[in-house]
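Residue numbers (my numbering): 2 to 311.
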């Protein structure tokens, strides 16, 4: 029996309604996040209402912002609301990092430590690169170093792929010295890891660590009390084995420092894009809970637990 072919309109195939993802991500969002135009519209309305009922919280309510959290929580509105609370609490609890949370507050040395790579991994995910060995604690406070990292992550959240596929981190430990690892502050690490695990409207899918040594062992020991079990399983230690790294990130796209064939990284080109968003970052600083310095540092118990390896 011969079947009947019914021509479908473009509107049936592509979601072109407000807030829709780029076409390449729509099927992924539908299959994995349960996103449909109707659910998106209904969930946005519910989430905006919940925010309005939160009297102490002054939060953004625009669709672009709220959709990041809805997608990250697969359209569980209550879970998205809790993540928004976490997001703004994290900002209010660590004034040392967030008091000047805009790109012009970063000195030139910070812009050579962390960047977002101009390509994605084999699964289409954005990559944040952190050069631990380029950090000199005598020149750059740990809080400002963390600010640079979080500014990069915030920039990454603007890409719809971060909301659907997640992001990954490449941690380069070349020249990372033990004395520098000892300059890391547990309280700052705690807030940074809280952001990644409980606040960021995306999933950190992997930490790829290369050229690690004793200094990384110290850093990881400081981090471990604040890492959830699921996150510890996402650390992949490649050492000097760049071929192992290339299984995750193509050598064709990596620069020579990682055994790749691409041109050297242009840090200034990336940060010039972030600089264009200076006013947006300053605007976002006007939202949130009342500021509190209570969370700037870990408790003594947390510090003692983190330093048990010494």
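For each residue, glycine too, the CB sits at the ideal point set by N, CA and C.
Check, Outcome
"Residues near residue 22 by beta carbon distance below 6 angstroms, same chain, minus five either side", "30 and 161"
"Residue 131, DSSP secondary structure in three states", "strand"
"Touch test, the region 116 to 133 against the region 81 to 89, Cβ-Cβ under 8 angstroms, three pairs minimum", "no"
"Sequence ranges, beta strand (DSSP E) only - wholly within the region 211 to 278, length at least 3", "236 to 240"
"Beta-bridge partners of residue 171, as assigned by DSSP", "130 and 209"
"Limits of the beta strand (DSSP E) - the one that residue 146 falls within", "Unbroken run through residue 146 is the alpha helix (DSSP H), 143 to 157; no beta strand (DSSP E)."
"Local conformation of residue 121 per DSSP, three classes", "strand"
"Three-pair Cβ contact test at 8 angstroms for the region 174 to 182 versus the region 195 to 214", "yes"
"Residue interval of the alpha helix (DSSP H) (run including residue 39)", "38 to 54"
"Own chain, CB closer than 6 angstroms to residue 283, minus 5 neighbours either side, in chain order", "103"
"Reduced DSSP secondary structure (H/G/I, E/B, other) of residue 193", "helix"
"At least three beta-carbon pairs within less than 8 angstroms, the region 248 to 257 to the region 219 to 226", "no"
"CB-CB length for residue 149 against residue 107, believed under 8 angstroms", "5 angstroms"
"Which of helix, strand or coil DSSP assigns to residue 137", "coil"
"Residues near residue 198 by beta carbon distance below 7 angstroms, same chain, minus five either side", "229 and 232"
"Alpha-carbon to alpha-carbon, residue 288 and residue 57", "11 angstroms"
"Same chain, Cβ closer than 6 angstroms to residue 194, neighbours up to 5 away in sequence not counted", "227"
"Segment contact flag, the region 236 to 247 with the region 266 to 283, C-beta cutoff 8 angstroms, min 3 pairs", "no"
"Status (buried if at least 16 other CB within 10 Å, exposed otherwise) for residue 41", "buried"
"Exposed unless 16 or more other CB atoms sit within 10 angstroms - verdict on residue 36", "buried"
"Minimum C-alpha distance to residue 251 - residue among 126, 55 and 50", "126"
"Nearest residue (CA-CA) to residue 266, options 69, 53 and 117", "117"
"Reduced DSSP secondary structure (H/G/I, E/B, other) of residue 87", "helix"
"Cβ-Cβ distance between residue 130 and residue 171 below 7 angstroms", "yes"
"Within 7 angstroms, strictly: CB atoms of residue 133 and residue 98", "no"
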